[in-house]
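All you need for the working numbering is the position in the sequence shown, starting with 1, plus 29. A virtual CB, placed ideally from N, CA and C, is assigned to each residue, including glycine.
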Amino acid sequence: MDLKPKRTEIIPLDEKGLDRAAKTLRRGGLVAFPTETVYGLGADATDDTATASIFAAKGRPQFNPLIVHFADADALRRHVEVTPLAQRLADRFWPGPVTLVLKRRPDSKLSRLVSAGLDTVAVRMPAHGGARDLLRLTDRPIAAPSANASGRLSPTEAAHVAASLDGRVDLILDGGPCRVGVESTVLDATGDAPILLRPGGLALEAVEELTGKPVIHSLHDETAPKSPGMLLSHYAPGLPVRLDARTAAEGEAHLGFGPIAGTVSLSPDGALLEAAANLFRLLHELDDPSRFTGIAVAPIPETGLGLAINDRLRRAAAR
Numbered sequence: 030m031d032l033k034p035k036r037t038e039i040i041p042l043d044e045k046g047l048d049r050a051a052k053t054l055r056r057g058g059l060v061a062f063p064t065e066t067v068y069g070l071g072a073d074a075t076d077d078t079a080t081a082s083i084f085a086a087k088g089r090p091q092f093n094p095l096i097v098h099f100a101d102a103d104a105l106r107r108h109v110e111v112t113p114l115a116q117r118l119a120d121r122f123w124p125g126p127v128t129l130v131l132k133r134r135p136d137s138k139l140s141r142l143v144s145a146g147l148d149t150v151a152v153r154m155p156a157h158g159g160a161r162d163l164l165r166l167t168d169r170p171i172a173a174p175s176a177n178a179s180g181r182l183s184p185t186e187a188a189h190v191a192a193s194l195d196g197r198v199d200l201i202l203d204g205g206p207c208r209v210g211v212e213s214t215v216l217d218a219t220g221d222a223p224i225l226l227r228p229g230g231l232a233l234e235a236v237e238e239l240t241g242k243p244v245i246h247s248l249h250d251e252t253a254p255k256s257p258g259m260l261l262s263h264y265a266p267g268l269p270v271r272l273d274a275r276t277a278a279e280g281e282a283h284l285g286f287g288p289i290a291g292t293v294s295l296s297p298d299g300a301l302l303e304a305a306a307n308l309f310r311l312l313h314e315l316d317d318p319s320r321f322t323g324i325a326v327a328p329i330p331e332t333g334l335g336l337a338i339n340d341r342l343r344r345a346a347a348r
């Protein structure tokens, strides 16, 4: 008898692959697919059993909400109350790497699991063409956190998904590397001013330019977070991570940036966009106990996308 675990098939993101993935989602299955930020682990957000299978596959704390992805604004409005602030943010930044937390409509058919017991829902419209095609073909909102085991490195390539979730999901759609490389920025848009719940692929300066006021920060909720990514220990590799390291200790890998070359570099030119896109891929590469005892990370500026990069690194270092 063959007792080997079932392997997850990786298929191309083409017309045939999209059709197969949409059918899998409609029958309650799990599909990992690329967005412009990271690969998401998708399930039908209106199906309680399918949504619960996300938590089971990831080993995810059930009080940690899920982001629900929509193909268009009309579909989204059937489930959440769009405030004037949310409309302004959506008009400027959607489709794109920003998630808005909004009040759930009483008549919404979304699974309560996506809200983790709260009266809000985290929603977004991805910019990735393949993700949008999948949403249209499925014709249902898709709940999709990052396609990795909970607390581990987020995947920016199909191979990263397979390394973390092989055998736990039905299909992996391979659309190549993700362009942005860090998760979406999450903003609470239920009121008159945006509140930052998670820094990410949209720089806060762009939000502040639009609204004309500073973004309020509300991070690291360990009890009942309003959005994904608010748990302090998150995005962690197996090896210990040491931050603001200009040199590596004996046995450590050194993740460089700018003039600090390191073992490998997030960006030799000090470009934050390049660093964000490389972050999880290089952490995956260095997370090798056969070669290293830990990962030392060079200092990253706390500006623009550096805020999101440092947020991920601080969570990776919290053991």
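Do Leu-194 and Ala-178 have their C-beta atoms closer together than 8 Å?
Here residue 194 refers to the residue found at position 165 of the sequence shown. Here residue 178 refers to the residue found at position 149 of the sequence shown. Cβ distance < 8 Å, so Leu-194 and Ala-178 count as in contact.
In whole angstroms, what is the alpha-carbon distance linking Leu-311 and Gly-333?
Taking the sequence shown and counting its residues from 1, the one referred to as residue 311 is at position 282. Taking the sequence shown and counting its residues from 1, the one referred to as residue 333 is at position 304. So the alpha carbons of these two residues sit roughly 20 Å apart.
Can you tell me the Cα-Cα spacing of Thr-66 and Gly-280, whole angstroms?
Residue numbering aside, residue 66 sits at position 37 when the sequence shown is read from its first letter. Residue numbering aside, residue 280 sits at position 251 when the sequence shown is read from its first letter. Their Cα atoms are separated by approximately 32 Å.
Residues that DSSP places opposite Glu-281 in a beta bridge
Along the sequence shown, one-based indexing puts residue 281 at 252. Gly-323.
Shortest alpha-carbon distance to Arg-320 belongs to which of Thr-149, Thr-292, Val-209?
Counting from one through the sequence shown, the residue named residue 320 turns up at place 291. For the residues Thr-149, Thr-292, Val-209, the minimum Cα distance to Arg-320 belongs to Thr-292.
Between Phe-286 and Ala-304, which are expected to be in contact by the criterion C-beta below 8 Å, what is the C-beta distance as a whole number of angstroms?
Position 257 of the sequence shown, counted from the first residue, corresponds to residue 286. Position 275 of the sequence shown, counted from the first residue, corresponds to residue 304. Between Phe-286 and Ala-304, the beta carbon gap of about 6 Å places them in contact (Cβ cut-off 8 Å).
Taking its Cβ as the centre, do 16 or more other Cβ atoms sit within 10 Å of Ala-253, making it buried, or is it exposed?
Here residue 253 is taken as the residue at index 224 of the sequence shown, counted from 1. Its pLDDT being 47, under 50, Ala-253 is placed unreliably in this model, and the value from its coordinates should be taken loosely. Counting other Cβ atoms within 10 Å of its Cβ, Ala-253 stays below 16 and is therefore classed as exposed.
Applying the criterion that 16 or more other CB atoms from any shown protein chain within 10 Å of the CB defines a buried residue, is Gly-196 buried or exposed?
The sequence position of residue 196 within the sequence shown is 167, counting from 1. So Gly-196 ends up on the exposed side.
Please tell me whether Ala-79 and Ala-72 are closer than 8 Å, where the distance is taken between their beta carbons.
Residue numbering aside, residue 79 sits at position 50 when the sequence shown is read from its first letter. Residue numbering aside, residue 72 sits at position 43 when the sequence shown is read from its first letter. Yes; because the gap between Cβ atoms is below 8 Å, this pair is in contact.
To test your reading of the DSSP string, which unbroken beta strand (DSSP E) runs of 3 or more residues are found completely within the stretch 76 to 119?
If we require 3 residues or more, the beta strand (DSSP E) runs fully inside the stretch 76 to 119 come out as 96 to 98.
Leaving aside the five residues before and after Met-154 along the sequence, list all residues of the same chain whose C-beta is less than 6 Å from its C-beta, in chain order.
Residue mapping note: residue 154 aligns to position 125 of the sequence shown, counting from 1. For Met-154, where only same-chain residues beyond five positions count, the Cβ hits under 6 Å are Phe-99, Trp-123, Pro-124.
Buried/exposed call for Glu-44, threshold 16 Cβ in 10 Å:
Residue 44 sits at position 15 when you count from the first residue of the sequence shown. When all chains shown are included, Glu-44 counts as exposed.
Residues that Ser-294 bridges to, as DSSP identifies them:
Numbered from 1 along the sequence shown, position 265 holds the residue referred to as residue 294. Answer by DSSP bridge pairing, in chain order: Gly-285.
Compute the Euclidean distance between the alpha carbons of Thr-295 and Asp-136, then round it to the nearest angstrom.
The sequence position of residue 295 within the sequence shown is 266, counting from 1. The sequence position of residue 136 within the sequence shown is 107, counting from 1. The residue asked about is misnamed: residue 295 is Leu in this sequence, not Thr. Cα to Cα, the separation comes out at about 46 Å.
What is the DSSP secondary structure of Arg-271, reduced to helix, strand or coil?
Taking the first residue of the sequence shown as position 1, residue 271 is located at position 242. Arg-271 falls in the strand class under three-state DSSP.
Identify which residue in Ala-265, Gly-230, Thr-214 has its Cα closest to the Cα of His-246.
As a working mapping, residue 246 is identified with position 217 in the sequence shown. For His-246, the nearest C-alpha among the options comes from Thr-214.
Pick out the complete alpha helix (DSSP H) segments inside the stretch 192 to 253, 4 residues or longer, and give them in chain order.
The stretch 192 to 253 contains these whole alpha helix (DSSP H) runs: 233 to 240.
DSSP three-state label for Glu-65, please.
By 1-based counting over the sequence shown, the position of residue 65 is 36. Glu-65: coil per DSSP, three-state reduction.
Look at Pro-63 and Leu-202 and say whether their C-beta atoms are less than 8 Å apart.
Counted from its first residue, the sequence shown places residue 63 at position 34. Counted from its first residue, the sequence shown places residue 202 at position 173. Yes, these two residues count as a Cβ contact at 8 Å.
Taking buried to mean at least 16 other C-beta atoms within 10 Å of its own C-beta, is Arg-227 buried or exposed?
In the sequence shown, the residue the question calls residue 227 occupies position 198. Buried, by the Cβ-count rule.
What residue does the alpha helix (DSSP H) around Glu-314 start on, and which one ends it?
For the purposes of this step, residue 314 is taken as the residue at position 285 of the sequence shown. First-last of the alpha helix (DSSP H) with Glu-314: 301 to 315.
Delimiting residues of the beta strand (DSSP E) encompassing Arg-153
For the purposes of this step, residue 153 is identified with residue 124 of the sequence shown, where counting begins at 1. 149 to 153 is the span of the beta strand (DSSP E), which, as asked, contains Arg-153.
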